[in-house]
Amino acid sequence: MTQREQNFLKEHEANFVAVELGYTRNIDFHVIDQYVLIYRNYIDQNFILNAWCKHCVFDMLKRIKNYYDNNQPIEINVQPKNNRSRK
499 MTQREQNFLK EHEANFVAVE LGYTRNIDFH VIDQYVLIYR NYIDQNFILN AWCKHCVFDM
559 LKRIKNYYDN NQPIEINVQP KNNRSRK
């Protein structure tokens, strides 16, 4: 996912929070269009959204969030081991 797409998702994170709470807010059509482009690029290139269907928008956002969460590089902070030998 490009940095621009990641920034877009972070900018509109409130929509994902609403989905986690079980509802969708009113989302501007230009924002929905960007979500559809992201969905088509990474999940299903043949995806068609009925933007008037709140359940459809809800499901799309849920899937995008799931994709985003499962495909981000994981940062692992490993502390160096203390290699002292026991006596």
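Start counting the sequence shown at 499; every next residue gets the next number (the working numbering). Idealized CB from N, CA, C, for every residue including glycine.
Between the C-alpha atoms of residue 508 and residue 541 there is a straight-line separation of about 18 angstroms.
Residues 514, 517 of the same chain have their beta carbon placed closer than 7 angstroms to that of residue 563, with the five preceding and five following residues left out of the count. A straight line joining the alpha-carbon of residue 556 with that of residue 526 spans about 14 angstroms. For the options 569, 567, 568, 521, the alpha carbon positioned closest to that of residue 554 is the one of 521. Taking C-beta separations shorter than 8 angstroms and ignoring five residues to either side along the sequence, the partners of residue 530 in its chain run 547, 549, 555, following chain order.
Residue state for residue 521 is assigned as coil, using DSSP reduced to three classes.
535 is the residue among 535, 545, 561, 543 whose C-alpha sits nearest the C-alpha of residue 506.
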